[in-house]
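Data block below; observations after.
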Amino acid sequence: GDYCLPYVDLGMGFGDIKKDNYLRFPLWILYLFSQEANKNDIENTIYKINNTRYQKSKVCALIAGHDKHGTRKMIFDGLKELIPIDCAGRWQNNTKDLWEKYNNNKIKYLEEFKFNICPENINTKNYVTEKLFEAFLADCIPIYYGADNNPEPNIINDNAVLFWEKNNDNKENKKLILELLGNDKLYREFISQPKFKTNADDVIINNFEELKCKIEKIIKKGFD
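Numbering (our numbering), first residue to last: 337 to 560.
Written as structure tokens, this is what we have:
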């Protein structure tokens, strides 16, 4: 969409639009970082996500309330005969643990699992939500589809993600998943990869600085 740019002082969203009154500021940033976050806060959060390990007792989780565009079904159908998948949301629900054991705390629940099937609702360039980052927070290997399978290329280490491909047998993905489940050393090597690129903190803090600058300009304009 056009983010109502002809009518507003500042539009924000996922799209990559070159306009003075627009800023690409995806919502996942505020999911991970507070509005007051400084460079040190951002560095510490990234370090924690890159380095925190949890003991895993289950294989794969999928948490979704719906699947309007079939992105979950595509992966679920491709893996359901290969590995156990715990579906803790309304869609394909087969467990009540998320509610009964974890009081709907998604991250705590996901900490039990080695893999998290976490595609976007739709595949659109630059459209990246919190789903991928929730998997990172819980130390899961994301099985992901979305953003043309190139999410936040300046931020995310794509080697730490399993990208599911549409209209593909995903033979290599299936082979790798079984290898990771059968080889603890290989799994630990994979999950220990940094999720964020080296300069991700600079990219994120620049988003905050740009937002601050644009807001200050709007305020100044209001007093002129």
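Using N, Cα and C, we set each Cβ at its ideal position, and we do this for glycine too.
Bear in mind that the values here come from a model prediction, so they are computed numbers and not experimental data.
Residue environment, residue i, which counts as buried when at least 16 other CB atoms sit within 10 Å
i	result
Lys570	This structure cannot settle anything about residue 570, because the visible part of the chain is limited to 337 through 560.
Cys476	buried
Trp435	exposed
Ile554	exposed
Lys432	exposed
Arg408	buried
Cys340	exposed
Asp422	buried
Pro487	buried
Rounded separation between residue i and residue j - CA only
i	j	result
Lys416	Glu447	21 Å
Gly518	Ile353	45 Å
Cys396	Asn506	17 Å
Asn509	Asp494	14 Å
Met348	Glu552	15 Å
Asn387	Ala496	13 Å
Glu515	Asn380	32 Å
Glu471	Ile443	For the record, residue 471 in the displayed sequence is Ala; it is not Glu. One C-alpha to the other measures close to 8 Å.
Ala483	Lys355	21 Å
Asn440	Thr465	19 Å
Lys531	Asn376	18 Å
Ala424	Phe412	13 Å
Asp338	Ser370	27 Å
Glu372	Asp520	40 Å
Asn429	Glu545	42 Å
Distance CB(residue i)-CB(residue j) smaller than 9 Å
i	j	result
Phe361	Asn543	yes
Arg426	His402	yes
Lys394	Lys437	no
Lys533	Asn490	yes
Lys502	Asn459	yes
Tyr367	Phe469	yes
Ile540	Ile378	yes
Pro455	Ile479	yes
Tyr523	Trp500	no
Leu359	Lys550	yes
For residue i, three-class secondary structure by DSSP
i	result
Ala373	coil
Leu307	The requested residue 307 is not part of the displayed model; the chain covers only 337 to 560.
Val395	strand
Leu359	strand
Lys404	coil
Asn380	helix
Tyr480	strand
Asn452	strand
Phe532	strand
Asp433	helix
Gly518	helix
Asp422	strand
Pick from the options that is closest to residue i, judged by C-alpha positions
i	options	result
Lys557	Leu346, Gly518, Asn485	Leu346
Lys384	Asn430, Asp537, Tyr358, Asp484	Asp537
Ile453	Asn440, Lys467, Lys444, Tyr445	Lys467
Asn485	Leu498, Tyr343, Glu545	Leu498
Ala474	Ile513, Gln371, Ser528, Asn430	Ser528
Asn457	Ala400, Asn504, Asp338, Phe526	Ala400
Asn357	Asp520, Val344, Leu363, Ile365	Val344
Leu398	Asn504, Gln371, Glu545, Tyr445	Tyr445
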